[in-house]
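Undergrad: Reading the sequence shown from the start, the letters are residues 106 to 426 in our numbering.
Cβ atoms here follow ideal geometry from the backbone N, Cα and C, with glycine treated the same way.
Here it is: the structure, laid out below.
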Amino acid sequence: VFSLPRSSRRRASSINQSINRSINLSSIVLISCLSSRSMGEEQPHHHYHLHDEPALVRTAKNGVVTLRFNRPERCNAWSPDVLEAMEEALKETATDESVKAVILTGSGKYYCSGVDFAGSLKAMWPKALLETARKNNQALFDAFLDFPKPLFAAVNGPAIGASVTSATLCDAIIAAPSATFHTPFAALGITPEGCSSVLFEKLLGKEIAKQMLEDGRKLSSIEAKNSGLVAEVVHSDKELQDFAQHFAEEWIRSGKAKRHAGEVEWLKKVNAEESKYLALSFLRKPFLQNQYEFAAKKGRKGPAAMFWVAKTVAPLLPSKL
């Protein structure tokens, strides 16, 4: 049996270890990129720290619970603490008989700037990353689809990425004049999520759905209302919460059915498929190239170097789950 000389085996082993380190590094980079740039817009530079303020503020009135994302210094990005608090609150309100409806909104100028994984940065191998990304993404949107009571998004400012797609899984969106809706998936080199691959065309029509998902068009509150994405736009930002409360109470009194009643199982299948493709897109060159160019443009030499490594070893990464 042919055998390599010991020196050659050592060199081969060293090369293999270097490749494995590069692949592992690329998976770390993929998570960190989501923290530094949430859904295509630059985040303010803040470090995570222990907060005195809760990640989610809960208030109740006349059977309507309002859940307010409470990380305004991070543009209410869905960091792990916010996601955990939201998931827990949705589970609790789903089974609390005193709760008849739930409203989601944000603190400060933003509704939500998208998902942010900075707080849970962990080293993991690509296959583990794929499975983690798939499961977490699927679970996030299933929480909206499975919610049994009227659920509304009171969008008080810019909404980006997953906060837009999840809002379409709610029963209605009420928007402040300052609200905008942006899903720059194609620009980031990732695939649609939150059932947007099917719901956007259903809600907005084929042309606007394509503009948002493929061309990165950002809709103003009025454009969102005219296109069918938003149910109501209030006259001023200050009126949003009172109007949303009244809207929810009227919905309860009318006994109106949930918007996606009869479609939940189908949408959950769509979500499962989208989650697979989204996870894979994190390991593909278009996404990695995009992040490398962004970091290089901003003069961030460390992240740029890491993304360069990641995109270089991209052909060695898994191509399927």
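For F286, which of T296, V418, Q394, A258 has the nearest alpha-carbon?
TA: Numbered from its first residue, the sequence shown carries residue 286 at position 181. Ranking T296, V418, Q394, A258 by Cα distance to F286 puts A258 first.
Undergrad: Determine the direct distance from the alpha carbon of E193 to that of S203, and round the result to whole angstroms.
TA: Taking the first residue of the sequence shown as 1, we reach residue 203 at position 98. Taking the first residue of the sequence shown as 1, we reach residue 193 at position 88. Roughly 17 Å separates the two Cα atoms.
Undergrad: So within the stretch 176 to 263, which uninterrupted beta strand (DSSP E) runs reach at least 3 residues, ignoring any that extend past its ends?
TA: DSSP runs (the beta strand (DSSP E)) wholly in the stretch 176 to 263: 206 to 211, 256 to 260.
Undergrad: For K406, I'd like the list of residues in its chain whose CB is within less than 6 Å of its CB, leaving aside the five on either flank, ordered along the chain.
TA: Here residue 406 is taken as the residue at index 301 of the sequence shown, counted from 1. Hits under 6 Å: none found.
Undergrad: Measure the C-alpha to C-alpha separation of K363 and F412 and round it to an integer number of angstroms.
TA: Against the sequence shown, residue 363 aligns to sequence position 258. Against the sequence shown, residue 412 aligns to sequence position 307. In a straight line, the C-alpha of K363 is about 43 Å away from that of F412.
Undergrad: To the nearest angstrom, report how far apart P263 and P177 are at their CA atoms.
TA: Here the question's residue 263 lines up with position 158 in the sequence shown. Here the question's residue 177 lines up with position 72 in the sequence shown. Cα-Cα distance, rounded: 12 Å.
Undergrad: Should W356 be listed as close to the ligand SAH, given that the test is whether its C-beta is under 7 Å from any heavy atom?
TA: Because no ligand of any kind appears in the structure shown, any question about the ligand SAH cannot be addressed here.
Undergrad: Apart from the five residues just before and just after G294, which ones in its own chain have a Cβ nearer than 6 Å to its Cβ?
TA: Your numbering for residue 294 matches position 189 in the sequence shown. Correct list, in chain order: P391, F392, N395.
Undergrad: Determine contact between the stretch 301 to 309 and the stretch 240 to 259, defined as no fewer than three beta-carbon pairs at a distance below 8 Å.
TA: Touching, no.
Undergrad: Out of S218, D276, Q346, P159, state which residue places its alpha-carbon closest to the alpha-carbon of K361.
TA: By one-based count along the sequence shown, residue 361 stands at place 256. Of S218, D276, Q346, P159, the residue nearest in Cα terms is D276.
Undergrad: I need the boundaries of the alpha helix (DSSP H) containing K323, first residue and last residue.
TA: Numbered from its first residue, the sequence shown carries residue 323 at position 218. Not the alpha helix (DSSP H): K323 falls in the beta strand (DSSP E), residues 323 to 325.
Undergrad: Please list, in chain order, all residues of the same chain as V375 whose beta carbon is under 6 Å from its beta carbon, the five residues on each side excluded.
TA: For the purposes of this step, residue 375 is taken as residue 270 along the sequence shown, with counting starting at 1. Only C300, V303 meet the Cβ criterion.
Undergrad: Which value, in whole angstroms, describes the spacing of the CA atoms of R389 and A206?
TA: Looking up residue 389 in the sequence shown gives position 284. Looking up residue 206 in the sequence shown gives position 101. R389 and A206: Cα-Cα distance of roughly 40 Å.
Undergrad: Can you look up E337 in the DSSP assignment and give me helix, strand or coil?
TA: As a first step, residue 337 is located in the sequence shown; it is residue number 232 there, counting from the start. If DSSP states are grouped into helix, strand and coil, E337 belongs with the strands.
Undergrad: Nearest-angstrom Cα distance between G333 and V418?
TA: The count along the sequence shown starts at 1 and reaches residue 333 at position 228. The count along the sequence shown starts at 1 and reaches residue 418 at position 313. Roughly 43 Å between the two C-alpha positions.
Undergrad: Is H351 helix, strand or coil by DSSP?
TA: The count along the sequence shown starts at 1 and reaches residue 351 at position 246. The answer is helix: DSSP assigns H351 an H, G or I state.
Undergrad: Three-state secondary structure (DSSP) at V414?
TA: Within the sequence shown, residue 414 is the residue found at index 309, counting from 1. If DSSP states are grouped into helix, strand and coil, V414 belongs with the helices.
Undergrad: Which first and last residues belong to the beta strand (DSSP E) in which T285 is found?
TA: Walking along the sequence shown from the start, residue 285 turns up at place 180. Residues 285 to 287.
Undergrad: Are the CB atoms of N242 and L385 within a distance shorter than 8 Å?
TA: What you label residue 385 is simply residue 280 of the sequence shown in a count that begins at 1. What you label residue 242 is simply residue 137 of the sequence shown in a count that begins at 1. No, these two residues do not count as a Cβ contact at 8 Å.
Undergrad: Is the beta carbon of F305 closer than 8 Å to that of L318?
TA: Taking the sequence shown and counting its residues from 1, the one referred to as residue 318 is at position 213. Taking the sequence shown and counting its residues from 1, the one referred to as residue 305 is at position 200. Contact flag set, yes.
Undergrad: Any idea if A244 is buried or exposed, counting beta-carbon neighbours within 10 angstroms, 16 or more meaning buried?
TA: Your numbering for residue 244 matches position 139 in the sequence shown. Counting Cβ neighbours within 10 Å, A244 comes out exposed, since fewer than 16 surround it.
Undergrad: From E344 to K232, what distance separates their C-alpha atoms?
TA: On the sequence shown, position 239 is the one that residue 344 refers to. On the sequence shown, position 127 is the one that residue 232 refers to. Spanning the two alpha carbons is a distance of roughly 47 Å.
Undergrad: Using the three-state DSSP reduction, which class does F387 fall into: helix, strand or coil?
TA: Here residue 387 corresponds to residue number 282 of the sequence shown, with the count starting at 1. Coil, per DSSP.
Undergrad: Bridge partners for R163 per DSSP, in chain order?
TA: As a first step, residue 163 is located in the sequence shown; it is residue number 58 there, counting from the start. DSSP, once it has assigned bridges, lists L172 as partnering R163.
Undergrad: Given a cut-off of 8 Å, decide if L274 and L250 are closer than it, judged by their beta-carbon atoms.
TA: Translated into the one-based positions of the sequence shown, residue 250 becomes position 145. Translated into the one-based positions of the sequence shown, residue 274 becomes position 169. The answer is yes: Cβ separation under 8 Å.
Undergrad: Just verifying my parser: in three-state terms, what is the DSSP assignment at I295?
TA: Counting from 1 along the sequence shown, the entry for residue 295 is found at position 190. Here I295 sits in coil by DSSP.
Undergrad: What's the gap between the Cα of G211 and the Cα of A199?
TA: The residue given as residue 211 occupies position 106 in the sequence shown. The residue given as residue 199 occupies position 94 in the sequence shown. Cα-Cα distance, rounded: 20 Å.
Undergrad: Which one of F348, K403, Y397 has the shortest CA to CA distance from A415?
TA: Taking the sequence shown and counting its residues from 1, the one referred to as residue 415 is at position 310. Comparing Cα-Cα distances from A415 to each of F348, K403, Y397, the minimum goes to Y397.
Undergrad: Going by DSSP, which residues form a beta bridge with A314?
TA: Mapped onto the sequence shown, residue 314 falls at position 209. In DSSP, A314 forms no bridge with anything.
Undergrad: If I follow the unbroken beta strand (DSSP E) through A277, where does it start and stop?
TA: Start at 1 with the first residue of the sequence shown, and residue 277 comes out as number 172. Counting along the chain, the beta strand (DSSP E) containing A277 begins and ends at 277 to 280.
Undergrad: Please report the Cβ distance between K373 and D247, rounded to the nearest whole angstrom; I am assuming they are in contact, meaning their Cβ atoms lie under 8 Å.
TA: Translated into the one-based positions of the sequence shown, residue 373 becomes position 268. Translated into the one-based positions of the sequence shown, residue 247 becomes position 142. K373 to D247, Cβ: 6 Å. Contact.
Undergrad: Between A377 and G367, what straight-line distance do the alpha-carbon atoms span, to the nearest angstrom?
TA: The count along the sequence shown starts at 1 and reaches residue 377 at position 272. The count along the sequence shown starts at 1 and reaches residue 367 at position 262. Approximately 18 Å between the Cα atoms of the pair.
Undergrad: In the DSSP output, what is I357 paired with across the bridge?
TA: What you label residue 357 is simply residue 252 of the sequence shown in a count that begins at 1. Paired residue(s): none; I357 is not in a bridge.
Undergrad: Name the residue from P185, N167, G266 whose alpha carbon lies nearest to the alpha carbon of C217.
TA: By one-based count along the sequence shown, residue 217 stands at place 112. Nearest of P185, N167, G266 to C217, Cα basis: G266.
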